[in-house]
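In full-length UniProt numbering, the protein residues as written are 1 to 88.
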């Protein structure tokens, strides 16, 4: 599953989101909204006006949401366990 964090420099909520993702051991890509006009327009079209915006395969949200990060980590662990069970 791909995780993308649309961010901006000197953003406290962005830094907190990175820390939360790191603590859960999740890999993610960072897109700087101040350097990518197309990404900024896309995020605005999703209805978001604040950073960070986190986008996964099945969800997206704005702001620092440790509850969403924890749920994402839990969901990914379920997928890993299901994949291992299928291989047996």
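Beta carbons: idealized from backbone N, C-alpha and C, even for Gly.
*Secondary structure at residue 36, three-state DSSP: helix, strand or coil?*
coil
*Can you tell me whether residue 69 is buried or exposed, with buried defined as 16 or more other CB within 10 angstroms of its CB?*
buried
*Would a C-beta distance cut-off of 7 angstroms place residue 39 and residue 18 closer than the cut-off?*
no
*Under 8 angstroms by Cβ, that's how I've got residue 3 and residue 26 pegged, so tell me the actual separation to the nearest angstrom.*
6 angstroms
_Looking at the secondary structure, which residues open and close the alpha helix (DSSP H) in which residue 15 lies?_
12-23
*CA-to-CA distance, residue 56 to residue 71, given in whole angstroms*: 12 angstroms
*Over the uninterrupted beta strand (DSSP E) stretch that includes residue 6, give me the two end residues.*
4-7
*Length of the line joining the Cα atoms of residue 77 and residue 31*: 25 angstroms
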